[in-house]
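FYI, the numbering for the sequence shown is 101 to 318, going by my numbering.
Backbone N, C-alpha and C fix where the C-beta goes; we use that ideal spot for every residue, glycine too.
All figures in this text were calculated on a predicted structure; none of them were measured in a lab.
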Amino acid sequence: MEDAAGLIAPAATMIAAMMTAANLGARVTGWGFVVFTLGSLAWSAVGFTSGQTNLLATNLFLTLVNLVGIWRWLGRQRGYEDGARRAAERSRDAGSPSLFAASALAGLPVSDIRGEEIGKTVDAMIECESGRLSYVVVASGSLGGVDESLRAVPATLFDCHADGLVLRMSAAEFEKRDTLGGAAWPASPPRASQHEMAPASGGGRPARERTHVAVSGS
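So this is what it looks like as structure tokens:
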């Protein structure tokens, strides 16, 4: 038993750490905590069979923490995501503007007018009084978040679709925009040039239904 637990414990811990660190949604994170629980139980078995009381006590406590993580991510948070997803699906057939959850803004793929992916959204700033999107911060040119460039783009330059954002300019035009320095995000949306405000023509994606972002108040 001790040998099996000794093999399971580190493997489960490493796999669970990768699943939770990847931040791939409530389900993956929740199942990461399930694997963490398996690992903490295995470490508890190792501690019990080897007489290591500190290892046993620590991992019994971690088992309780992991159970809370399972409830948090496979229970409550998954319910939030499912509710937002179903609302978005129903809105597309309801004859009203389509919706997607504001929480989905972080990590959305961003494509240029030719349909080529140029980056992903990091976050978006919302005007408190009107509830409208002010600007979106797009990360590009990175591998796993290393050496990425951040650019703030006015929300007026995007077409919103259920599967991502389409920027009404080419990748080359996007890269000409000023990059943000660390945490120095603007307090107001950066100005769009007259050229950028002009409707895109030719070579763009097929027209699709616009999507409105749902922002729920507290």
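Looking only at DSSP bridge pairs, what is residue i linked to?
{"i": "Gly-264", "result": "His-261"}
{"i": "Met-225", "result": "Tyr-235"}
{"i": "Ser-211", "result": "Glu-217 and Val-266"}
{"i": "Arg-172", "result": "According to DSSP, which records beta bridges pairwise, Arg-172 is partnered with nothing at all."}
{"i": "Ser-240", "result": "Ser-249"}
Can you give me the start and stop residues for the alpha helix (DSSP H) that residue i sits inside?
{"i": "Arg-178", "result": "178-191"}
{"i": "Leu-138", "result": "126-150"}
{"i": "Ala-122", "result": "No alpha helix (DSSP H) contains Ala-122, which DSSP labels as neither H nor E."}
{"i": "Ala-271", "result": "271-275"}
Could you check which residue in the options has the C-alpha nearest to that of residue i?
{"i": "Thr-281", "options": "Ser-249, Thr-256 and Ser-270", "result": "A small fix is needed here, since residue 281 is Gly in this sequence, not Thr. Closest by alpha carbon: Ser-249."}
{"i": "Glu-224", "options": "Ser-234, Gly-215, Glu-217 and Ser-230", "result": "For the record, residue 224 in the displayed sequence is Ala; it is not Glu. Answer by Cα proximity: Ser-234."}
{"i": "Ala-239", "options": "Arg-172, Thr-120, Thr-221 and Ile-226", "result": "Thr-221"}
{"i": "Arg-232", "options": "Met-119, Thr-256, Leu-155 and Glu-275", "result": "Thr-256"}
{"i": "Arg-291", "options": "Ala-104, Pro-254 and Ala-272", "result": "Pro-254"}
{"i": "Leu-124", "options": "Ser-140, Ala-104, Leu-174 and Phe-161", "result": "Leu-174"}
{"i": "Gly-183", "options": "Gln-152, Thr-163, Ile-170 and Leu-199", "result": "Leu-199"}
{"i": "Arg-268", "options": "Cys-260, Ser-288 and Asp-212", "result": "Asp-212"}
{"i": "Glu-275", "options": "Asp-247, Trp-285, Gly-241 and Ala-117", "result": "Gly-241"}
{"i": "Arg-277", "options": "Ala-284, Arg-251 and Ser-288", "result": "Arg-251"}
{"i": "Gly-106", "options": "Gly-132, Leu-141 and Ser-191", "result": "Leu-141"}
{"i": "Val-237", "options": "Ala-122, Ala-104, Ala-284 and Ala-201", "result": "Ala-284"}
{"i": "Ala-271", "options": "Arg-186, Glu-229, Ala-188 and Glu-216", "result": "Glu-216"}
{"i": "Ala-204", "options": "Gly-169, Thr-279 and Arg-185", "result": "Arg-185"}
{"i": "Ala-104", "options": "Thr-149, Ala-122 and Asp-259", "result": "Thr-149"}
{"i": "Trp-171", "options": "Gly-132, Glu-227 and Ala-122", "result": "Gly-132"}
{"i": "Ile-226", "options": "Ala-188, Gly-151, Pro-286 and Asp-193", "result": "Pro-286"}
{"i": "Asp-259", "options": "Asp-247, Glu-229, Arg-214 and Cys-228", "result": "Arg-214"}
{"i": "Asp-247", "options": "Cys-228, Gly-219 and Ala-121", "result": "Gly-219"}
Terminal residues of the continuous beta strand (DSSP E) containing residue i?
{"i": "Ala-252", "result": "249-254"}
Assuming residue i contacts residue j (C-beta within less than 8 angstroms), just tell me the rounded distance between them.
{"i": "Thr-129", "j": "Met-119", "result": "7 angstroms"}
{"i": "Ala-188", "j": "Ala-201", "result": "7 angstroms"}
So, does the region 133-140 touch the region 105-119, judging by three or more C-beta pairs under 8 angstroms? yes
With contact counted as at least three CB pairs below 8 angstroms, one residue from each stretch, are the region 249-268 and the region 204-212 in contact? yes
Within 8 angstroms, do at least three Cβ pairs link the region 178-195 to the region 144-152? no
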